[in-house]
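What follows is a single structure, written as structure tokens, with notes after it.
Number of protein chains: 2
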Amino acid sequence: MSRISSRDLLPRVLKGDVAAIARLLSRAEAADPECRETLGEVYARAGKAHVIGITGVPGSGKSTMVSVLARRLRGAGHKVGIIAIDPSSPYSGGSIMGDRIRMSELAGDEGVYIRSMATRGALGGMARATLDSVDILDVAGFDYILIETVGVGQDEVEIASASHTTLVVSAPGLGDEIQAIKAGILEIADIHVVSKSDRPDARSTISDLKQMLALGISLDSSAAWRPPVVATSSMKGEGFEELVSALEKHRAFLRDSEAGRARARKIAEFRMLKTAEDLLRIRFKEHSASRVRATADRLMSREIDPYVAGEQLIEGIGA
Amino acid sequence: MSRISSRDLLPRVLKGDVAAIARLLSRAEAADPECRETLGEVYARAGKAHVIGITGVPGSGKSTMVSVLARRLRGAGHKVGIIAIDPSSPYSGGSIMGDRIRMSELAGDEGVYIRSMATRGALGGMARATLDSVDILDVAGFDYILIETVGVGQDEVEIASASHTTLVVSAPGLGDEIQAIKAGILEIADIHVVSKSDRPDARSTISDLKQMLALGISLDSSAAWRPPVVATSSMKGEGFEELVSALEKHRAFLRDSEAGRARARKIAEFRMLKTAEDLLRIRFKEHSASRVRATADRLMSREIDPYVAGEQLIEGIGA
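Protein sequences, first through last, are from chains U and S.
With this note's numbering applied, the first sequence covers 149 to 467.
With this note's numbering applied, the second sequence covers 149 to 467.
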């Protein structure tokens with residue numbers, strides 16, 4: 149089978165052809181230079197979907213919550229794309245557990261598209277690849293695009309923030325280290341979700357969270373949006389109407405508002421920087437192997453320091 | 149109090165003056181341009197310490213294991229520096245729990261220096277800041293430098309790999325999501341540590357791990373180093389002699405060998421790339437605000453695509 153060019157894939161992607169979407173996503177993830185121009189066209193056409201970043205500590209029940217949320221949005225007639233950043237390995241093939249479970253639940257519905265990205269060690273940065281993938285699903289006609297990341301790790305948290313609405317998922321009964329990590333991601337939330345609300349200890353998790361947030365609010369009373377706390381039970385299917393309504397409220401809050409424009413600018417700046425970083429990384433690996441090697445050798449022997457080596461890398465590439 | 153220049157701090161750092169070390173570390177973390185030249189000098193002098201990257205999933209007992217290991221190395225007469233990458237927040241001040249516990253255990257010993265980095269959202273990348281910090285502790289006379297990261301997140305795992313010896317810590321009795329994450333980081337290990345070996349379910353964790361590794365070995369029988377599995381109990385203080393001996397073996401394996409040179413080159417290349425990325429990020433934030441803003445606006449309005457914006461960022465900076 150001859151390889152179809154990305155340019156020729158695009159019309160099929162625009163019609164929502166699943167096989168074409170999958171191919172273009174793979175090329176975008178791999179940072180294939182052949183698809184770059186097409187991704188530019190995709191970007192020019194994108195911007196209709198509402199992008200929801202979802203993060204939370206391991207064990208918070210994110211993946212299950214996301215699949216229930218996707219079903220609800222689907223039930224309301226929306227097409228839903230899910231991009232799950234999978235922390236597992238590209239070497240070992242990865243064990244994409246959450247995804248497998250969801251695949252079976254949501255399988256056979258053309259209005260739901262799930263993509264798992266096991267990007268560790270991949271050529272091309274995760275943030276750049278994720279945002280390019282969001283665009284592809286956007287132009288393919290998905291109304292809501294959910295980006296799910298494990299909320300530990302600088303990149304992962306940044307990616308969840310590079311969305312229109314960011315959900316941070318908490319859950320009762322997690323360990324100390326997990327709780328400390330959780331504290332670090334709360335401030336990126338537009339909406340807090342406490343999952344597993346069917347558990348008896350959920351009530352205290354919710355009130356602790358509200359108390360913490362109340363402290364924050366008193367410090368910044370000028371904020372126009374106060375992140376609500378929504379309790380959900382994926383097992384019982386409870387709380388999702390409230391969650392969807394909170395999502396709609398936040399979406400309305402951003403629409404044609406200064407807050408919305410500020411958010412869009414923040415995302416554009418993040419994207420510009422991440423794409424530049426990625427271009428640097430790609431060229432580092434592809435185009436100037438001997439030059440990179442020579443500079444690395446001088447760095448190894450401590451003839452030059454990392455800042456000089458870094459400058460040389462940027463200059464050599466920018467020139 | 150007038151501000152001491154980084155150049156003037158250096159002689160005190162070289163003597164191991166704790167206050168001077170702390171100051172230079174803060175400047176390095178903040179990517180303060182004033183200290184860059186001094187960091188270059190630091191780099192030129194560094195390279196004596198053995199750097200150990202330690203990672204593992206949340207709940208694996210890393211932090212406690214690291215503090216027991218530090219005491220053992222200390223007991224053998226070595227000076228030990230610890231850099232803990234803290235996933236908590238710079239906004240909320242962070243809850244540096246593990247660190248607080250350790251501080252009390254290791255406090256008052258001048259031969260141990262602990263630095264917690266809560267770098268999320270900080271100016272300057274985590275990897276660059278960590279490796280600059282390693283150099284500072286190196287020239288300050290620390291023999292072993294332990295870098296501890298939570299092994300979830302692309303950056304965090306990369307940082308743990310950018311060391312001479314990488315330990316991956318596992319533990320019995322973790323949840324499914326955590327286990328999936330764990331599977332993704334096993335291949336970076338030079339030494340596997342199963343902590344909490346006093347737990348009754350530790351035996352099966354150890355045998356599962358050995359089985360997994362045996363599968364990997366059969367695929368790559370040419371590997372000159374086979375990562376051993378060491379069981380430790382921080383509570384009972386067991387297994388640490390074996391762990392220190394495994395560390396020494398790995399250190400000897402790298403010494404004056406092709407494997408050691410390959411490792412050093414890999415670290416140098418990683419460092420060059422991360423420093424370049426960081427320079428890009430710093431300049432993005434500091435020097436060309438109006439230009440960045442104009443490009444971001446054009447990106448927002450979809451006049452240009454992210455690749456064009458990224459190229460402009462690199463070119464504008466490299467020129």
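Built from N, CA and C at the ideal position, the CB exists for glycine as well.
Quantities reported herein were computed from a predicted structural model and do not represent experimental measurements.
Asked, Found
"What separation, rounded to the nearest whole angstrom, lies between the Cα atoms of methionine 245(U) and valine 392(U)?", "Confidence at methionine 245(U) is low in this model, with a pLDDT of 45, below 50, so its placement is unreliable and no value can be given for it."
"Grab the span of the beta strand (DSSP E) containing isoleucine 295(S) for me, first residue to last.", "292-298"
"Are aspartate 234(S) and methionine 265(S) close, meaning C-beta to C-beta below 8 Å?", "yes"
"Less than 8 Å between CB atoms is the rule here; does proline 454(U) satisfy it with respect to chain B?", "In the displayed structure, chain B is absent; the protein chains listed are U and S."
"Excluding sequence positions up to five away, which residues of its chain have a Cβ less than 6 Å from the Cβ of isoleucine 307(S)?", "Ala275, Thr278, Thr297"
"Since I believe glycine 204(U) is in contact with lysine 210(U) (beta carbons under 8 Å), could you give me their beta-carbon distance rounded to a whole number of angstroms?", "5 Å"
"By Cβ distance below 8 Å, which residues in the same chain neighbour aspartate 303(U) in space, the five residues on each side in sequence not counted?", "Gly273, Met274, Ala275"
"Strictly by DSSP, which residues pair up with leucine 315(U)?", "Ile202(U), Ile339(U)"
"Quick check on this structure: which residue in Pro159(S), Glu189(S), Val260(S) has the alpha carbon closest to the alpha carbon of leucine 221(S)?", "Val260(S)"
"For leucine 461(S), I'd like the list of residues in its chain whose CB is within less than 8 Å of its CB, leaving aside the five on either flank, ordered along the chain.", "Leu428, Phe432, Val440, Thr443"
"So is phenylalanine 432(S) in contact with chain U if we call contact Cβ pairs under 8 Å?", "yes"
"Helix, strand or coil: which one does DSSP assign to alanine 264(S)?", "Here residue 264(S) turns out to be serine, not alanine, going by the sequence shown. In this structure, serine 264(S) counts as strand in the three-state DSSP scheme."
"In three-state DSSP terms, what is glutamate 386(U)?", "strand"
"Is DSSP giving isoleucine 333(S) helix, strand or coil here?", "helix"
"Can you tell which of Ile333(U), Gly321(U), Gly188(U), Ala337(U) has its C-alpha closest to the C-alpha of threonine 313(U)?", "Ala337(U)"
"Give me, in chain order, the residues of the same chain whose beta-carbon lies closer than 8 Å to that of leucine 322(U); leave out the 5 immediate sequence neighbours on both sides.", "Val205, Gly207, Ser208, Lys330"
"With a 10 Å radius around its C-beta and 16 neighbouring C-beta atoms as the bar for buried, classify isoleucine 152(U) as buried or exposed.", "exposed"
"To which residues of the same chain is phenylalanine 418(U) closer than 6 Å at the C-beta, ignoring the five residues directly before and after it?", "Ala310"
"Mapping DSSP to helix, strand and coil, what is serine 237(S)?", "Because the pLDDT at serine 237(S) is just 45, under 50, the model does not fix this residue reliably, and the value given afterwards should be weighed accordingly. The answer is coil: DSSP assigns serine 237(S) none of H, G, I, E or B."
"Beta-carbon within less than 8 Å of proline 375(S)'s beta-carbon, same chain only, minus the 5 sequence neighbours each way: which residues are those?", "Ala337, Asp338, Ile339, His340, Leu361"
"When DSSP labels each residue in this structure, what does isoleucine 231(U) get in the three-state scheme?", "strand"
"Going along chain U in order, which residues have a C-beta closer than 9 Å to the C-beta of glutamate 406(S)?", "Those do not exist, as glutamate 406(S) stays about 14 Å from chain U at its closest Cβ, beyond 9 Å."
"Any C-beta of chain U within less than 8 Å: which residues of the stretch 298-319 of chain S qualify?", "Val298, Val300, Gly301, Gln302, Asp303, Glu304, Val305"
"Helix, strand or coil: how does DSSP classify serine 393(S) here?", "helix"
"Which same chain residues end up closer than 8 Å to glutamate 406(U) when comparing Cβ atoms and leaving out the 5 residues on each side of it in sequence?", "none"
"Just to confirm before moving on: does the CB-CB distance between alanine 416(S) and leucine 447(U) stay below 8 Å?", "yes"
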